[in-house]
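Take a look at the structure below.
Numbering (the working numbering), first residue to last: 5 to 135.
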């Protein structure tokens with residue numbers, strides 16, 4: 005969870021193990037009341053890092069970000085999404101589905117279907133997920 009009165013960051017990484025390019029056409033970051041920013045960075049197979057998404061997050065104004073041109077995640081490349089939270093409360097905040105808890109999801113609009121799936125079922129029951 006998040007300690008009271010401080011900024012915390014949590015990340016998750018997905019690897020393109022599909023053996024083919026993954027075409028990303030948009031992002032839909034999701035956090036709860038304490039979320040402040042979402043960043044996604046691609047690690048190319050040569051080790052170079054590229055920031056492909058970096059936007060502030062407001063719970064009361066959640067936005068779908070469709071790209072002007074698709075981003076192609078090549079086989080073997082990794083994408084790491086990081087959520088930033090500012091816990092301004094005097095209590096720790098746990099991960100969970102309640103609005104008074106927090107979560108960190110970078111929903112990704114991509115094809116082919118199932119390409120970023122590492123076969124883990126999400127908390128909301130989705131099966132096309134990568135943790």
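Using N, Cα and C, we set each Cβ at its ideal position, and we do this for glycine too.
Nothing here was measured: the structure is a model prediction, and the numbers come from that model.
query                                                                                                                                                           : result
Under a three-way DSSP split, which group does residue 6 fall into?                                                                                             : strand
Classify residue 33 as buried or exposed, calling it buried when 16 or more other Cβ atoms lie within 10 Å of its own Cβ.                                       : buried
Sorted by chain position, which residues of the same chain lie with C-beta nearer than 6 Å to residue 88's C-beta, five sequence neighbours on each side aside? : 13, 40 and 41
With a threshold of 8 Å, are at least 3 pairs of Cβ atoms found where one atom belongs to the stretch 48 to 68 and the other to the stretch 20 to 27?           : no
Smallest Cα separation from residue 96: which of 31, 38 and 70?                                                                                                 : 38
So residue 114 is in the beta strand (DSSP E); what residue range does that whole segment cover?                                                                : 109 to 115
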